[in-house]
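Engineer:
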Amino acid sequence: DAGVTQSPTHLIKTRGQQVTLRCSPKSGHDTVSWYQQALGQGPQFIFQYYEEEERQRGNFPDRFSGHQFPNYSSELNVNALLLGDSALYLCASSLRTGTFHSGANVLTFGAGSRLTVL
Amino acid sequence: GQQVMQIPQYQHVQEGEDFTTYCNSSTTLSNIQWYKQRPGGHPVFLIQLVKSGEVKKQKRLTFQFGEAKKNSSLHITATQTTDVGTYFCAMTGANSKLTFGKGITLSVRP
């Protein structure tokens, strides 16, 4: 049973460029959330996708956009990269429906994509 | 918006000592989750607490949810070097959005 897979694992971009990060959720999960984790900080919520729609969004500018595909996989796109976008980008999948006791809304994280913007 | 606070951000203990950390909210929480992130790794789910006053144990780790559901604690008995990492608490908000605290990074001196 594969967990959450993310690609690429590391990448280096320059200011102004665009980047696309990819995520395949854990088998059986239907919801994908994206988090940004700067060094020494907790994960910051970017947005969440369910049924191919953005359901929740954190305090991130429109330069951050995403997509969820029919197979539940997801992409995170960041346009016009800034130096401050350098961070570990974490994808987390979960099961939206069900009760707390059944494990709904418990996040399974991928290993992350480390983005460096020069 | 709603948030959970974890203070301090760093703690150093001698191997074998006990360790306790807290997670606090100004509002009543529906549930609280705890995650552990090893150095260079990604967050891994540890536990979820739902009921007021709930206590759950995982080997040397004891998790508790406050009676008022506004705070939670993590206690590690007789710390080991394998306990090193950052421990995050996280709260579930509207539409299942999970908000993380800043975490506490535990280092253990052998």
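Taken in sequence, the protein lines are chains A and B. Okay, so the first sequence: first residue is 67 according to our numbering, each after it adds one. Okay, so the second sequence: first residue is 14 according to our numbering, each after it adds one. For each residue, glycine too, the CB sits at the ideal point set by N, CA and C.
(1) Comparing alpha-carbon positions, which option in Phe32/B, Thr94/B and Phe101/B lies nearest Val17/B?
(2) Can you grab the Cα-Cα spacing for the pair Tyr115/A / Gln122/A, in whole Å?
(3) Taking Asn171/A as the query, report the chain B residues whose CB atoms sit under 9 Å from its CB, ordered along the chain.
(4) What span of residues does the beta strand (DSSP E) with Glu120/A cover, start to end?
(5) For the stretch 101 to 161 of chain A, which segments carrying the beta strand (DSSP E) assignment without a break, of at least 3 residues, lie completely within its bounds, in sequence order?
(6) With distance defined between alpha-carbon atoms, name the residue in Thr86/A, Tyr101/A and Val144/A nearest to Thr174/A.
(7) With distances taken Cα to Cα, identify the nearest neighbour of Ser140/A among Thr97/A, Lys79/A, Leu77/A and Gly82/A.
(8) To the nearest angstrom, how far is the alpha carbon of Gly29/B from that of Leu184/A?
(9) Short check: CB of Arg88/A to CB of Leu149/A, under 8 Å?
(10) Roughly how far, in whole angstroms, is the beta-carbon of Tyr23/B from the beta-carbon of Asn84/B, given that I think they are within contact range, below 8 Å?
(11) Which of helix, strand or coil does DSSP assign to Thr75/B?
(12) Taking the CB atoms as reference points, tell me whether Pro91/A and Phe113/B lie closer together than 8 Å.
(13) Assign Leu215/A to one of two classes, buried (16 or more other C-beta atoms within 10 Å of its C-beta) or exposed (fewer than that).
(14) How would you label Phe32/B, buried or exposed, when you count the other beta carbons within 10 angstroms and need 16 or more for buried?
(15) Which residues in chain D have a C-beta closer than 9 Å to the C-beta of Phe76/B? List them in chain order.
(16) Cβ atoms of Val85/A and Gly176/A: under 8 Å apart, would you say?
(17) Less than 7 Å between C-beta atoms, sequence neighbours within five positions excluded: which residues of the same chain meet that for Ser152/A?
(18) With a threshold of 16 other CB atoms inside 10 Å of the CB of Pro136/A, please say whether the residue is buried or exposed.
(19) Using the C-alpha atoms, what's the distance from Asn171/A back to Ser160/A?
(20) Identify the residues that DSSP records as bridge partners of Asn84/B: which are they?
(21) Please determine, among Ser86/B, Met104/B, Ser43/B and Gly53/B, the residue with the shortest C-alpha to C-alpha distance to Gly98/B.
(22) Quick one: is His25/B near chain A, going by C-beta distance under 8 Å?
Structural biologist: Checking against the coordinates, here is how it stands:
(1) Phe101/B
(2) So the alpha carbons of these two residues sit roughly 7 Å apart.
(3) Asn44, Gln46, Gln61, Thr105, Ser109 and Leu111
(4) Glu119 to Arg123
(5) 110 to 116, 119 to 123, 130 to 134, 140 to 144 and 153 to 160
(6) Answer by Cα proximity: Tyr101/A.
(7) Comparing alpha-carbon positions, the option among Thr97/A, Lys79/A, Leu77/A and Gly82/A lying closest to Ser140/A turns out to be Thr97/A.
(8) 43 Å
(9) no
(10) Actually they are not in contact, since the Cβ atoms of Tyr23/B and Asn84/B sit about 20 Å apart, beyond 8 Å.
(11) Note: Thr75/B maps to strand in three-state DSSP.
(12) no
(13) In the structure as shown, chain A begins at 67 and stops at 184. Residue 215/A is therefore absent and cannot be evaluated.
(14) Residue burial is scored here from C-beta neighbours: Phe32/B has at least 16 other C-beta atoms within 10 angstroms and is therefore classed as buried.
(15) Although the question refers to chain D, the structure presented lacks it and instead comprises the protein chains A and B.
(16) no
(17) Leu181, Thr182 and Val183
(18) Here Pro136/A is exposed. Its C-beta has fewer than 16 other C-beta atoms within 10 Å.
(19) 5 Å
(20) Asn37/B
(21) Gly53/B
(22) no
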